[in-house]
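One structure is given below, encoded as structure tokens.
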Amino acid sequence: MSAAPLPAVLAVTWVTPVAGAILGAAVLAPLLALWFLKLRRKRRVVSSTLLWTRSLADLRANAPFQRIRFNLLLLLQILAVLAIAFAVAQPEAEGLGSAGGRHVLMIDRSASMGAVETVDGNGKALDKPTARLELAKEAAKDRVRELLGGGWFSISASDVMVVAFGARAEIKAPFTDSVATLEAAIDSIRPTDEATRIAEAIELARAFTDSQNRGDTRGERVEVDTSSIPTIELYSDGRVSDIGALSLRNGEKIIYHRVGEAANNAAVVAISAERPPESPDKIQVFASVANPMPEPRSVTLQLAVDGTVRAITPKPVEIAAAKDEGAIFVPGRAQVTFRPIEQPSNASIEVSIVEDDALRADDAALAVVAPAKRLSVLLVGSGGFIVKTLVEGLPVERFSTMTVEEFDAAVAEGKALNFDVVVFDNAKAKKLPAGRYLAFGAAPPVEGLTAFGEHQGVYPRSVREEHPVFRSATLDELFVSKMTAVQADRSFQVLAESPEGPMIVALDRAELHVLYVAFDPLDSNWPFQRSFVNFTANAVGHLGRAGDAIATVGLRPGEPVALRLPTGSRDIEIAVPDGTRAKVAADAEGNIAWGPATVAGLYRIEFLVPGLDARQTRLVAVNIADAAESRIAPLAELSLGNTNVQGISVAASRRGALWPWVLALGLLVVVVEWWYYQRQVRV
Amino acid sequence: MSSTAKPLRKLDDLLDSRLMAKLDAIDVVSRKIFSGKVQGERRSKRRGQSIDFADFRPYVHGDDLRFVDWNIFGRLDRLFLKMFLEEEDLSLIIALDTSASMRVGNPDAFDYARKVAMALAYVGLVNQHRVSLVGFSQGQIERASNLRGRRKAADVASWLLRREPAGASGFEEAMRLVGTTRVGRGVMVVLSDFLFHEGFEKGLGMVAGRGFDVYALQVLAPQVVDPSREGGVSGDLLLVDSETQAETEITVTPELLRIYKERLDRLCGSLRAYCTRRDLVHLVVETSTPVETLMLEYLRRRGMLR
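Going line by line, the protein sequences match chains X and D.
Going by the working numbering, the first residue of the first sequence is number 1, and it counts up by one from there.
Going by the working numbering, the first residue of the second sequence is number 1001, and it counts up by one from there.
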């Protein structure tokens, strides 16, 4: 493994070393040769040479050859030539060398790279607060110029590839030696609020290298030339979730350019909002805040509804310090519950931290709540009193009853029923149009559900109690004397099962939502139990709100926005939090998929529905909600498998061109040399 | 740095009649009083037959009774001998460096040295001193000894005109020969550039304190004093030593010139210090200085001539 830690000490990089060497060699040799030339001197007889010392200042020469002698002029000339040659080699301070070869610049664009830095790696204040990603991009561009720069004198054979990665990786530029292309590629990297996963980026780089290493069309691998194994240059704060699982392949080398210094951060990592069942016009918001810092801190949280601040924590929320025990890192957490606020209509809820910190993107979390909705329920049935009494008692807006015949007739006519939920009380309709149905007893005519007889004396064996319909509704004491024997295909979800077969199944197929209880409550002891009431209420409520935008827990950055709009929706546009808008087309059933959503915030999907003039809106919240990403303090050292890679601060590795100084020194030497020469020859 | 002036051919080239007339009025002075060989025009340390009283001493057998002071005998009844300063001739030795290093500069150092030698010799001849000329190079000496009287000026001139500089100086050996073969005591003038690879100390040591009042007259061409002057060195040169033929590669730079001047200053300074220590007189003269100025001003000021 060649990922030996690079010392972060002052180093000089030569951008065009070969050009400098050629110039130096080309000029020094003739210069020395000239000094071998001897001066043909005029003979002059003097009375005595007693008073004369041999003066070795051969300033001109016109005859070969002599032994070379030390001379200050020669020294100065060599110095001047060396200085100019060094200047042509373009030394730059603190670089990492440019030995040619292939380099993959991997630029981390995850959420933590959005942290705002005010000082550079040397502790010097930046001109203005700058996001880490911008620092990384500048450093990467510098590196590109270092690898490929050098202007006229460059004969570098480097190939550079640019990969941006967050939760996903993207090749921004394939291997090229064009500085302009690479700079444009780096400039095109946009910040995201995604998590940080590098494996995909590494795989991409390897795949790209390997494909270029295939020797012929048959795809046989030729012997891998070690010079073609790229050096991976990672521009990141080191907070890469899957770095530990990564191992370098033979010949691979990684350079970790550490970006950023800031560590101060706190984050809202979870939010949920719900309407209390007893007061559906209100919204209750719960939030969880995390502190990735090693010392406890307190934050003030505010709650905004549709952008208007509605509540603020009366006193700062104390968050414990994070615990970092080697490999296990547990951020300090605190839970906050806001008092219910009145909000009957749908709304976007935002919980945010008031205090400023380095990373603002994770200081807020959004949730979208649906409007308080009162349901309209239709009971289609045989006249059994139990179910009717129960449904009638639910807090619904509208309640009607209908016979099966009337229902079938209405369906046959294609009449819109305009009920949120239809309850079948042991009644068998001929056909079910799209809608939401709760059926007791007789099996509804749904594809995939087959009734084939009866079972006697059945009790439930397993129940999916986590399902919303079983909230406060246990089936432990249920006994059914007679149950319809059904077989449900895999599109059905079995919620309760007896040894004989499914007792309660659920179907969510496109616009058709069915909850089927395979027995008549009158054939069981259920009506005498409280769970029957709760189950029925839960089921009606669950079905009634199925498909509504109650996505209280939003998406994570990097996930696609996928949701179903009413069939026939058109002119669909997504307003992205960063201010851009995107047009999306829905498929025949009204499904849209767009993305991935790279930045956190509220995505507003606007569309037109046939028959309605006003544009409809759906909201989707995208939250970072990632304690790992909120831990922004940069890592000094990366641990890859069994290799540790020391980070080099980009501020430290930021190169300063030295060649103007060297050139100035060379010119100064020339001036001194000329002055000395003049002083020697002027008598 | 070699001379481009026209060669010296006759006495007039060495010493023109106008200067000759001025030199008639001056004489060579020795700072020390030396004994001469024949009775001359100078006081000698030796007690003799002049009219200048020097001292008394008790009479001993054999003394000339003519010098007994009879007045003292009459008063003290003891014989005392009157002693007088004897007037005698002065020996003037002019040592001329004829090594190749003298043949440089503009004006030429050798020609200049010959002119000075001629002028000094003339002064000596006119004042009835015993004048000897010694040319030295390559450790050898050539002499023209014991010339006296104005009539010998032509001989001096022809001897000087025959001298041609060549080879190294061999200063030490030459001075040893001069010191050991001296005839009489007196004033000795050494005319040289003193640029000797072997150094000047041992050479001067051979004559200093051996009965000579030594004047070291360092004759330097302007181009030797400052090589950057017109006719000096510039650019990239291969310098050839005129005496040893040793070669030195140089590129003339301000730094090199500075080092050269430092070395020259050090050389002249050490010569002067040596002379002071050994009671010799050191005088640097650039060949651009007129001989007349040297004779009538510099040497008079230094007390050699009066």
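Note that CB positions come from ideal geometry on N, CA and C, so glycine has one too.
I need the straight-line Cα distance from residue i to residue j, nearest angstrom please.
i: L1257/D; j: Q1128/D; result: 47 Å
i: R1272/D; j: V1189/D; result: 15 Å
i: A1117/D; j: A1174/D; result: 18 Å
i: L1177/D; j: F1136/D; result: 10 Å
i: G215/X; j: V144/X; result: Only weak support is given to the placement of G215/X: the predicted model assigns it a pLDDT of 47, under 50, and the value that follows is read from those uncertain coordinates. Between G215/X and V144/X, the C-alpha separation is close to 28 Å.
i: G501/X; j: F452/X; result: 11 Å
i: A549/X; j: A367/X; result: Note that A549/X scores 39 on pLDDT, short of 50, meaning its location in the model is unreliable and no value can be drawn from it.
i: L1217/D; j: L79/X; result: 52 Å
i: M106/X; j: P610/X; result: 47 Å
i: A485/X; j: E454/X; result: 5 Å
i: S241/X; j: E637/X; result: 14 Å
i: G647/X; j: H103/X; result: 17 Å
i: L1120/D; j: M1102/D; result: 19 Å
i: T1253/D; j: G1235/D; result: 8 Å
i: K1022/D; j: V1285/D; result: 20 Å
i: A677/X; j: L668/X; result: Note on identity: in this sequence residue 677/X is Tyr, with Ala being the wrong assignment. So the two alpha carbons sit approximately 14 Å from each other.
i: A627/X; j: A290/X; result: 7 Å
i: D571/X; j: V561/X; result: 17 Å
i: D306/X; j: N250/X; result: 54 Å
i: L1296/D; j: R1210/D; result: 28 Å
i: A115/X; j: I632/X; result: 7 Å
i: F419/X; j: A434/X; result: 11 Å
i: A361/X; j: A600/X; result: 7 Å
i: S1003/D; j: L1220/D; result: With a pLDDT of only 47 at S1003/D, under the threshold of 50, the placement of this residue in the model should not be trusted; the figure read from the coordinates follows. S1003/D and L1220/D: Cα-Cα distance of roughly 13 Å.
i: V45/X; j: S1242/D; result: 6 Å
i: L665/X; j: G121/X; result: 30 Å
i: H467/X; j: D613/X; result: 37 Å
i: T598/X; j: T567/X; result: 27 Å
Going by DSSP, what residue range makes up the alpha helix (DSSP H) through residue i?
i: F86/X; result: L72 to V88
i: I386/X; result: F385 to E392
i: P566/X; result: Neither: P566/X is in no alpha helix (DSSP H) and is coded neither H nor E.
i: D187/X; result: V179 to D187
i: K415/X; result: Careful: K415/X lies outside any alpha helix (DSSP H) and carries neither H nor E.
i: G1074/D; result: W1070 to L1076
i: F1171/D; result: F1171 to T1180
i: A139/X; result: R132 to L148
i: E629/X; result: A627 to S630
Could you tell me which residues DSSP puts in a beta bridge with residue i?
i: Q616/X; result: F607/X
i: Q529/X; result: DSSP lists no partner for Q529/X.
i: N644/X; result: S639/X
i: P91/X; result: W14/X
i: V494/X; result: V505/X
i: V45/X; result: V1240/D
For residue i, report the span of its beta strand (DSSP E) as first-last.
i: M483/X; result: V480 to A488
i: F165/X; result: D159 to F165
i: T1276/D; result: Counting along the chain, T1276/D falls outside any beta strand (DSSP E), though it belongs to the alpha helix (DSSP H) covering P1254 to R1277.
i: F1196/D; result: Here F1196/D belongs to no beta strand (DSSP E), and DSSP marks it neither H nor E.
My assumption, with CB atoms under 8 Å, is that residue i sits in contact with residue j. Please give the rounded CB distance.
i: R1147/D; j: D1155/D; result: The sequence given here has Leu at residue 1147/D, not Arg. The Cβ separation is near 6 Å, so the contact holds.
i: F86/X; j: M161/X; result: That pair is no contact at about 31 Å.
i: P438/X; j: V458/X; result: According to the sequence displayed, residue 438/X carries Leu and not Pro. The Cβ separation is near 20 Å, so there is no contact.
i: R618/X; j: L555/X; result: With 8 Å as the limit, R618/X and L555/X do not qualify as a contact, their Cβ atoms being about 13 Å apart.
i: V259/X; j: Y235/X; result: 6 Å
i: E1247/D; j: L1239/D; result: 7 Å
i: G1170/D; j: A1100/D; result: The pair is not a contact, with the Cβ atoms about 12 Å apart (cut-off 8 Å).
i: G332/X; j: A321/X; result: 5 Å
i: V446/X; j: V514/X; result: 6 Å
| query | Along the segment 1133-1155 of chain D, what residues have a CB closer than 8 Å to any CB found in chain X? | reply | none
| request: Mind checking the segment 1251-1272 of chain D against chain X and listing, in chain order, the residues whose C-beta falls within less than 8 Å of any C-beta there? | output: T1251, V1252, T1253, P1254, E1255, L1256, L1257, I1259, Y1260, R1263, L1264 and L1267
| query | Mind listing which residues of the segment 1014-1032 of chain D have their C-beta closer than 9 Å to chain X's C-betas, in chain order? | reply | none
| Within 8 Å of chain D by C-beta, residues of the segment 138-149 of chain X in sequence order | none
| query | Which residues, in order along the segment 1183-1209 of chain D, keep a beta-carbon less than 9 Å from a beta-carbon of chain X? | reply | D1193, L1195, F1196 and H1197
| message | For the segment 1270-1304 of chain D, list every residue whose C-beta sits within 7 Å of some C-beta in chain X, in sequence order. | response | none
| request: May I ask you to list, following chain order, the residues of the segment 1212-1227 of chain D that have a beta carbon less than 7 Å from some beta carbon of chain X? | output: V1224
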